[in-house]
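One structure below.
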Amino acid sequence: MVGVVRGAGVVVTGAGGGIGAALARRFAAEGARVVVNDLDADKAAAVAEEIGGIAVPGDASSIVGEARDALGGTVDVYCANAGLASGGSEAADEKVWALAWDVNVMAHVRAAHELLPEWLERGSGRFVSTVSAAGLLTMIGAAPYSVTKHGAYAFAEWLSLTYRHRGLKVHAVCPQGVRTDMLAGTGSAGDLVLAPTAIEPEAVADALFQGIEEDRFLILPHPEVAGYYRARAADPDQWLTGMNHIQQKWEAAG
């Protein structure tokens, strides 16, 4: 692992707290040079100071150039971690849908557009997409989040199948509940589905590093998600019926 990460130029978006901060700390501990990005400049600065990194605050969609300059001209690992947990149904305002799409999917697309030319020319680069188990399965009460996380997973998958023979490494990190402010904001749906098995952000970082070491695309900090994913693929109607029972339980409780 040291050979992969030590001295590498790493960018982590949404790293002012939660999973992003845990990733930034872990990469720094392994000897990487880390750019800490967050919309909240104070949070980005605090994490960067803690780990000896470089704060580059701002919209994750537009910081690749500045982050590359801060790292001396080269990004080796890009962690597309910034995300938005948008709740609601099909009736959610179109602005909610548009912002979820922009943050959870298009920020990844824009970053890849900026990074891929250099990475493909030199034959190496690593793109880490923080998706969610919702991107493999779904999440009750959160249509914009579920749909856009499916999109984020699909984009990571497409990147991997398209460019892996040209040296691109892609990892899709798909945890269930993680004890962060985002989980706290999911309300009663999160309390029902996610909180009982929630893990610490550091466990997500551990899972990613194990996945990097094993050269795996799909990273499951909650291993049981693999079984859910298989069940969904094997019998979609049975799986949907089971999820609908959870939906009904949630409705009855609230």
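Numbering-wise, this note's numbering comes out as the position in the sequence shown, counting from 1, plus 35. Glycine is no exception: its CB is placed at the ideal position from the N, C-alpha and C atoms.
query = Considering Arg-157, what are the terminal residues of the alpha helix (DSSP H) in which it resides?
reply = 142-157
Glu-248 to Glu-65 span [Cα, whole Å] = 13 Å
ask   = Going by the CB atoms, is the gap between Ile-98 and Asn-116 shorter than 8 Å?
value = no
task = Give me the Cα-Cα distance between Val-47 and Arg-251, rounded to the nearest whole angstrom.
result = 19 Å
ask   = According to DSSP, what are the bridge partners of Cys-114?
value = Val-47 and Val-163
key: Those runs of the alpha helix (DSSP H) which lie wholly inside the region 82-140 and span at least 4 residues   = 99-105 and 129-136
ask   = Within the chosen definition, does the region 137-154 reach the region 183-195 through at least 3 CB pairs nearer than 8 Å?
value = yes
request  = With DSSP collapsed to three states, give me the class of His-280.
outcome  = helix
Residues bridged to Leu-203 [DSSP beta-bridge criterion] = Gly-160
request  = For Trp-193, count neighbouring Cβ atoms within 10 angstroms of its own Cβ and tell me buried if that reaches 16, exposed if not.
outcome  = exposed
inquiry  = Do Phe-244 and Arg-61 count as a contact pair if the criterion is CB distance below 8 Å?
reply    = yes
ask   = Are three or more beta carbon pairs between the region 152-161 and the region 107-125 nearer than 8 Å?
value = yes
inquiry  = Once DSSP output is grouped into helix, strand and coil, what is the label at Ile-24?
reply    = Since the displayed the chain opens at 36 and closes at 289, residue 24 lies outside it and no answer follows.
request  = Go through its chain and collect everything with a Cβ distance to Ala-266's Cβ below 6 Å, but skip five positions before and after it.
outcome  = Trp-274
Strand pairing of Ala-177, partner residues [DSSP] = Gly-123
message = Beta-carbon within less than 7 Å of Ile-254's beta-carbon, same chain only, minus the 5 sequence neighbours each way: which residues are those?
response = His-206, Ala-207, Val-208, Cys-209, Ala-242, Leu-243 and Gly-246
request  = Say yes only if the C-beta of Glu-84 is nearer than 7 Å to one or more non-hydrogen atoms of the ligand MG, and no if none qualify.
outcome  = Absence of the ligand MG is noted for the structure shown, with no ligands found whatsoever.
query = With 16 as the cutoff for other CB atoms within 10 Å, does Lys-130 come out buried or exposed?
reply = exposed
key: Check whether Ser-121 and Ala-177 have beta carbons under 8 Å apart   = yes
task = Would you tell me roughly how many angstroms separate the C-alpha atoms of Val-213 and Ala-102, rounded to the nearest one?
result = 27 Å
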